[in-house]
Every structure is written in structure tokens, then in C-alpha cells.
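Count along the sequence shown from 1, add 19, and you get the number used in this note's numbering.
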Amino acid sequence: MALKIRLTRIGTTHQPHYRFVVAEARSRRDGAPVEVVGIYDPRLKGETVKLKLDRVEYWLGKGATPTDTAHALIKKARRKAAATA
């Protein structure tokens, strides 16, 4: 089973909200995920990404591959966590 870390849309029209999910690569965009590992709200000012970085690292260690967008947002969250720690 190939796993991906990707975004799934939960917002309404013109009000996008996304969840970071670990899902099988062949499943639908809004299909049932294996696990929800965070949220992303592009409309907020300030902190737009909230991730459980320990769970993201766990799934990356298990072989899950992030999409390009998810990878960029994970890098941003890691940098922010390192700056505050």
C-alpha cells in the first residue's frame, strides 16, 4: 500500500480549509484517510499551518511521500518549530 501525505479540502465555495491527511495514493482526494495529521487555513493571517510534526515524521519514516504542496508546508512548519524551540 503506497501512502501519500496530502491535502484534502473541507471548506465551502470561496472559503477553502484543508486537512493534512495520510491516505493511500490511489484513493480519491476527499476519500477516507488513514490519519489526519494537521490543518491548513490559507485565509488566516499569521499561523496558517498546524501540524503534528511527530506524526508526520512517523509516517515519513514508514515510507509515505508528501505531495509538492504538502512538502513545502511541512518544511515551513519545521522551520517555525525550530525557531520557537
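Where a beta carbon is used, it is the ideal one built from N, C-alpha and C, also for glycine.
Checklist entry - Where ALA83 and HIS33 are concerned, what is the direct C-alpha to C-alpha distance, given to the nearest angstrom? => result For the purposes of this step, residue 83 is taken as residue 64 along the sequence shown, with counting starting at 1. For the purposes of this step, residue 33 is taken as residue 14 along the sequence shown, with counting starting at 1. Rounded to whole angstroms, ALA83 to HIS33 spans 30 Å at the Cα level.
Checklist entry - So LEU26 is in the beta strand (DSSP E); what residue range does that whole segment cover? => result The residue labelled residue 26 in the question sits at position 7 within the sequence shown. Element bounds for LEU26: 22-28.
Next on the checklist: To the nearest angstrom, how far is the alpha carbon of LYS95 from that of ARG74?
Outcome noted: Numbered from 1 along the sequence shown, position 76 holds the residue referred to as residue 95. Numbered from 1 along the sequence shown, position 55 holds the residue referred to as residue 74. Their backbone Cα atoms lie some 16 Å apart in a straight line.
Checklist entry - Taking the runs of the beta strand (DSSP E) that are 3 residues or longer, which of them lie wholly in the region 30-75? => result 37-43, 54-59 and 68-70
Checklist entry - Taking C-beta to C-beta, are LYS71 and VAL56 nearer than 7 Å? => result One-based indexing of the sequence shown puts residue 71 at position 52. One-based indexing of the sequence shown puts residue 56 at position 37. Yes, Cβ-Cβ distance for LYS71 and VAL56 is below 7 Å.
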